[in-house]
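Structure, as C-alpha cells:
Protein chains: 2
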Amino acid sequence: MTLTAGESMESFSSEELTLWRMLQRAQVRIAQVLEADLLVEHDLPLASYEVLLQLFEAPERRLRMNDLADRVLLSRSGLTRLIDRLQRDGLVEREACTSDARGLFAVLTDAGAARLAEAGPTYLRGVRAQFLDMLDADELRQCAVMLNKLLPASGTEPC
Amino acid sequence: MTLTAGESMESFSSEELTLWRMLQRAQVRIAQVLEADLLVEHDLPLASYEVLLQLFEAPERRLRMNDLADRVLLSRSGLTRLIDRLQRDGLVEREACTSDARGLFAVLTDAGAARLAEAGPTYLRGVRAQFLDMLDADELRQCAVMLNKLLPASGTEPC
DNA sequence: CTTAGAACGTTGCACGCGCATCTACACAGC
DNA sequence: GCTGTGTAGATGCGCGTGCAACGTTCTAAG
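So the sequences go chain by chain: A and B. Reading the first sequence from the start, the letters are residues 444 to 602 in the working numbering. Reading the second sequence from the start, the letters are residues 444 to 602 in the working numbering.
Spelled out as C-alpha cells, the structure:
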C-alpha cells in the first residue's frame with residue numbers, strides 16, 4: 444500500500460499494461476480513421492452512424508431512447524442532443540409510446556435508412572481495412588472468444 | 444455500388460462487424476470504469492494519468508509536446524490545454540528546449556510523480572479486473588500477436 | 001384517492017476536444 | 001544578409017458530452 448514511487452512503478456511498464464494500452468490505441472485509431480472517412484465521404488459522424496445502424500437493426504426500426512443510449516454507449520443527455528441533430532436533419536423521428544406516456548421512440552425515417560445505406564459501404568470498408576483484413580480466420584475466432592469473455596463481465600460489476 | 448437499402452444491409456449484421464463493435468464496446472467500457480475509478484479515488488482523469496505515465500517512462504521524465512501528443516492520441520491543441528491544467532496543478536512543468544527554441548518539454552514534477560504513484564495501483568487494479576484477469580495466459584499471448592498486427596498497420600495509411 | 005418513490009427524457013451548465021488560425025522559430029535557397 | 005517553406009506550440013471558436021437538476025408519468029403503499 445505504502446510503496447515509494449520507485450517501488451510501485453516497476454509494474455507499470457509490465458507487458459500486461461502494455462497490452463491494455465495497445466488495445467486502447469488500436470480501438471482509438473480505428474475509430475478515428477472510421478470517423479474521418481464517414482465525415483469526408485458522407486458528412487456523418489461515427490456516433491450518428493451507429494445510432495442509425497442500431498435503429499435499422501431494431502424491430503420496426505424504432506428503439507426507446509433509454510435502450511438506444513445503452514447500445515451506443517452514450518449518456519441519456521448525450522443521446523437526447525444527438526437525436527435532436529438527427530431529427531433536424533430528417534434522419535430520425537421521435538414518436539410517443541402509447542403504452543408508457545413517459546417513453547419516446549426514436550424511429551428511423553426513410554431518409555435515415557437511405558443515408559445509412561450510403562454510408563454503409565464506407566463503414567464496412569474501413570472496418571475491414573483497419574481491422575478484419577489484418578487478422579486471419581483463426582485469429583478472428585479467438586478474438587470473438589476473448590471479447591465474449593470481456594464483455595458480459597464488464598457489465599456485471601461486483602459489489 | 445448502387446444497391447438498394449435492403450440489398451446492401453445484409454452484410455451489416457455480419458459476424459465481422461459484430462466483432463468490431465464488440466471490440467469497441469469492450470474498450471470503451473473498460474476505459475469508462477478506469478476513468479471513474481481514477482476520478483473517485485484520485486480526482487485524476489484518465490487522460491491526465493496517461494500523460495503522467497508517459498512522462499514517467501520517458502528519459503529524464505520529459506517529452507516534447509509533439510511526441511507526447513502522439514503517444515496519448517491527442518491533438519496538439521488538446522495536449523496544450525491538458526498540460527495547462529496539469530501545470531496549474533503542479534504535476535507537470537514546461538521547460539524550454541535549448542537546441543530548438545520552438546520546442547518545449549513537458550517535465551514531470553516530483554508532485555506529479557507522487558500523484559502517479561498514488562493512482563498507479565488503482566489503474567493497475569482496474570486493468571487487471573476489467574481485462575487481464577478475464578483472459579488466460581494463452582489468450583493474452585494471442586492478444587499481443589493480434590494487436591501487433593493491428594497497430595503498425597493503422598499507422599501506415601496507404602495513399 | 002392520495003402520496004411517496006422510481007423511471008423516462010429534457011435542459012442549464014461547465015468541461016474537454018478538434019479545427020482553423022496565429023506567432024515564433026528553423027532550415028533551406030538565393 | 002534576406003526570403004520562402006515547414007514545423008512547434010498556443011489561442012479563438014464551435015461542437016459534443018456528462019453531471020446535476022427539473023418536469024412528467026408510472027407504480028406501489030397507505
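A virtual CB, placed ideally from N, CA and C, is assigned to each residue, including glycine.
Length of the line joining the Cα atoms of residue i and residue j
{"i": "Ala562(A)", "j": "Gly555(A)", "result": "11 Å"}
{"i": "Arg401(A)", "j": "Gln467(B)", "result": "Residue 401(A) lies beyond the range of chain A shown here (444 to 602); nothing can be said about it."}
{"i": "Leu498(A)", "j": "Leu517(A)", "result": "15 Å"}
{"i": "Tyr566(B)", "j": "Ala490(B)", "result": "12 Å"}
{"i": "Phe548(B)", "j": "Arg507(B)", "result": "5 Å"}
{"i": "Gly546(A)", "j": "Arg464(B)", "result": "27 Å"}
{"i": "Glu459(A)", "j": "Gly533(A)", "result": "46 Å"}
{"i": "Pro502(A)", "j": "Thr552(A)", "result": "14 Å"}
{"i": "Val476(B)", "j": "Leu522(A)", "result": "20 Å"}
{"i": "Leu496(B)", "j": "Arg558(B)", "result": "10 Å"}
{"i": "Ala512(B)", "j": "Leu525(B)", "result": "10 Å"}
{"i": "Ala560(B)", "j": "His485(B)", "result": "11 Å"}
{"i": "Gly598(B)", "j": "Ser520(B)", "result": "With a pLDDT of 41 at Gly598(B), under the threshold of 50, the modelled position of that residue is not reliable, and the figure given next carries that caveat. Their backbone Cα atoms lie some 21 Å apart in a straight line."}
{"i": "Leu593(A)", "j": "Leu578(A)", "result": "19 Å"}
{"i": "Ala587(A)", "j": "Asp576(A)", "result": "15 Å"}
{"i": "Leu590(B)", "j": "Met589(A)", "result": "13 Å"}
{"i": "Ile473(B)", "j": "Pro564(B)", "result": "16 Å"}
{"i": "Gln573(A)", "j": "Asp543(B)", "result": "36 Å"}
{"i": "Glu500(B)", "j": "Pro488(B)", "result": "19 Å"}
{"i": "Gly449(B)", "j": "Leu462(A)", "result": "For Gly449(B), the predicted structure reports a pLDDT of 44, less than 50, and the residue's modelled location is therefore unreliable. A value from the coordinates is still provided. Cα to Cα, the separation comes out at about 40 Å."}
{"i": "Leu529(A)", "j": "Arg537(B)", "result": "43 Å"}
{"i": "Asn509(B)", "j": "Arg571(A)", "result": "30 Å"}
{"i": "Glu478(B)", "j": "Ala469(B)", "result": "14 Å"}
{"i": "Ser457(B)", "j": "Ser457(A)", "result": "36 Å"}
Local Cβ density within 10 Å of residue i, reported as buried at 16 or more and exposed below that
{"i": "Glu493(A)", "result": "buried"}
{"i": "Gly569(A)", "result": "buried"}
{"i": "Arg531(B)", "result": "exposed"}
{"i": "Asp527(A)", "result": "exposed"}
{"i": "Cys540(B)", "result": "exposed"}
{"i": "Val483(B)", "result": "exposed"}
{"i": "Val515(B)", "result": "buried"}
{"i": "Val535(B)", "result": "buried"}
{"i": "Gln581(B)", "result": "Reading off the sequence, residue 581(B) comes out as Asp, not Gln. Its Cβ having fewer than 16 others within 10 Å, Asp581(B) is exposed."}
{"i": "Asp480(A)", "result": "buried"}
{"i": "Cys602(B)", "result": "Here Cys602(B) scores only 32 on pLDDT, less than 50, and its place in the model is too uncertain to base an answer on."}
Contact with chain A by residue i, beta-carbon distance below 8 Å
{"i": "Leu517(B)", "result": "no"}
{"i": "Ala469(B)", "result": "yes"}
{"i": "Ala587(B)", "result": "yes"}
{"i": "Glu459(B)", "result": "yes"}
{"i": "Ala479(B)", "result": "no"}
{"i": "Glu582(B)", "result": "yes"}
{"i": "Val494(B)", "result": "no"}
{"i": "Val570(B)", "result": "yes"}
{"i": "Thr445(B)", "result": "Note that Thr445(B) scores 43 on pLDDT, short of 50, meaning its location in the model is unreliable and no value can be drawn from it."}
{"i": "Leu462(B)", "result": "yes"}
{"i": "Ala539(B)", "result": "no"}
{"i": "Leu534(B)", "result": "no"}
Rounded Cβ spacing between residue i and residue j (contact assumed at less than 8 Å)
{"i": "Val550(B)", "j": "Arg504(B)", "result": "6 Å"}
Any chain B beta carbon closer than 8 Å to residue i
{"i": "Met508(A)", "result": "no"}
{"i": "Leu498(A)", "result": "no"}
{"i": "Leu466(A)", "result": "yes"}
{"i": "Phe574(A)", "result": "yes"}
{"i": "Leu511(A)", "result": "no"}
{"i": "Leu529(A)", "result": "no"}
{"i": "Ala549(A)", "result": "no"}
Which runs of the alpha helix (DSSP H) spanning at least 4 residues fall entirely within the segment 462-496 of chain A, listed in chain order?
-> Look at the segment 462-496 of chain A and you find no whole run of alpha helix (DSSP H) that is 4 residues long or longer.
Which residue spans inside the segment 510-585 of chain A form an unbroken alpha helix (DSSP H) run of at least 4?
-> 519-531, 553-573
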